[in-house]
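Chemist: Taking the working numbering, the leading residue of the sequence shown gets 1, the next gets one more, and so forth.
My questions will all concern the structure given below.
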Amino acid sequence: TVVDKLLAEDALIIGTTNMDEFAMGSSTENSAFGVTRNPWNTELVPGGSSGGAAVSVVSGMALLALGSDTGGSVRQPASMCGVTGLKPTYGTVSRYGLVAYGSSLDQIGCFTKNAADCRYAFSIFQGNDPKESTSATTTLATAPEVAELSGLRICLPDEYLDAQSADPNVVSSVNELVELLESNGATVERHSLEFLKYVIPTYYVLAFAEASSNLGRFDGIRYGIREQEKSSLKSLYTTSRKEGFGEEVKRRIMLGTFVLSSGYYDQYYGRAVQVRAWMEKLVAELFKKFDFILGPVSPFPAFKLGEKTEDPLAMYLADICSVLANLTRTPAISIPGKPTADGLPVGLQLMGRRFEDHSLLATAAAIQELTEYHNLRPEKYFS
């Protein structure tokens, strides 16, 4: 549906880009087509799972690229590649045509050079779709193209900056944006949000469980690899799932099957559903006091290829700042902030209220009118 809407406006679809298999990854290293490299330093990852899409924009191949965001898969590569990445409110963009990973978490988003382009693209492909059962019917709140920063109330969670994994360069970039906002009349308050310690376990229990269910259809009958000469249905299933999935996908399916199994369903999946509902209430209350939640997209900039592939937990922790928006179905955007001392991009995240995507985009546009970080590009592609 999203592609159809873009084609209806005479957009040119010039190709598909590399990504982690079934969107399961944070580095675009889990792909049957090989790894994708970061244009700022080809020894580094571009982020994931939609790393190829982010690379296509920062390297000048495209003005707009699409990606799916289940736990940060648009915002994280946008952060590590230095482009703008939007994850809209859940349900505002049709998922019809998207291969599901986590149906209650997935949302199609986009990559652009700046928030103004992002707003234009979003205005084209958002909207209710009768072909998609989770498509929202709520009308989005209107907002000017560029917001006034004066008077905004912004929450900055302590946990994002005090995390053990937080890189000093990332903390410095966030603090610079705080100073910019305050100098333009916004109020930024540090708050401890203790529930943030539960976001990673809650997210991954739910995501793995939904992945286990959604990928059950890849059995060699209708979807997946099918080898003709199999002696039994069981051997067909076994071969299809053994040879048709990569290691990370198999890991997530097995863990998802475990948390949904008899005897563990209530202990893991049922409890995660309850914790998610609790978080949604807490965030809704928070947005009665604040207009936005500010933080980094990732606690660290782009890392070396292969650095975290042997440690899945370290890879999962890359999502610690991004998954809250998916769990609470709120919109979030990644915009480039002050780069690291080595010149690597750092993405800063704003989360907004549900169905106030235009306000979020307008605020991001206002910030980008006062900064130039979104105009930085790898010189070798633009010399």
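A virtual CB, placed ideally from N, CA and C, is assigned to each residue, including glycine.
Just so we're clear, the structure is a prediction, and the values are computed from it rather than from any experiment.
(1) Could I get the ranges of all uninterrupted alpha helix (DSSP H) runs contained in the segment 209-263, with 4 residues as the minimum, in chain order?
(2) Nearest-angstrom Cα distance between Leu149 and Thr17?
(3) Which of the three DSSP states is assigned to Asn375 in this structure?
(4) Taking the alpha-carbon of Thr332 as reference, which of Ser183, Val57, Val146, Leu86 has the nearest alpha-carbon?
(5) Hey, quick one: how far does the alpha helix (DSSP H) through Cys155 stretch, first residue to last?
(6) Counting only runs that start and end within the segment 23-80, where is the alpha helix (DSSP H) found for 4 or more residues in a row?
(7) Output yes or no for whether 8 Å exceeds the beta carbon distance between Pro336 and Tyr381.
(8) What is the DSSP secondary structure of Val297, reduced to helix, strand or coil?
(9) Check this for me: beta carbons of Gly400 and Leu156, under 8 Å apart or not?
(10) Report the start-end ranges of each alpha helix (DSSP H) in the segment 285-361 that is 4 residues or longer and not cut off at the edges.
(11) Straight-line CA distance for Val249 to Lys281?
(12) Please report the straight-line C-alpha distance between Asp219 and Tyr198, rounded to a whole angstrom.
(13) When burial is assigned at 16 or more other CB atoms within 10 Å of the CB, is Asn375 buried or exposed?
(14) Using the Cα positions of Lys234 and Leu360, report the straight-line distance between them to the nearest angstrom.
(15) Do the CB positions of Pro345 and Cys118 come within less than 8 Å of each other?
(16) Using only alpha-carbon positions, find the residue among Val99, Leu161, Ala65 that is nearest to Tyr120.
(17) Is there contact between the segment 172-190 and the segment 317-325, where contact requires at least three CB pairs shorter than 8 Å?
(18) Quick one: residues in its chain with C-beta nearer than 6 Å to the C-beta of Leu385, no 5 flanking neighbours on either side, listed in chain order?
Modeler: The answer reads as follows:
(1) 233-244, 247-260
(2) 36 Å
(3) helix
(4) Correcting the residue identity first, residue 332 is Ala in this sequence and not Thr. Of the candidates Ser183, Val57, Val146, Leu86, the one whose C-alpha sits nearest the C-alpha of Ala332 is Leu86.
(5) Note, Cys155: premise wrong, no alpha helix (DSSP H); beta strand (DSSP E) at 153-157.
(6) 51-58
(7) no
(8) coil
(9) Since the first residue shown for the chain is 1 and the last is 383, residue 400 is missing from the structure and cannot be characterised.
(10) 312-316, 323-327
(11) Distance between the alpha carbons of Val249 and Lys281: 31 Å.
(12) 33 Å
(13) Exposure of Asn375 is indicated by the presence of fewer than 16 other C-beta atoms within 10 angstroms of its C-beta.
(14) 50 Å
(15) no
(16) Ala65
(17) no
(18) For residue 385 there is no data in the structure shown, the boundaries of the chain being 1 and 383.
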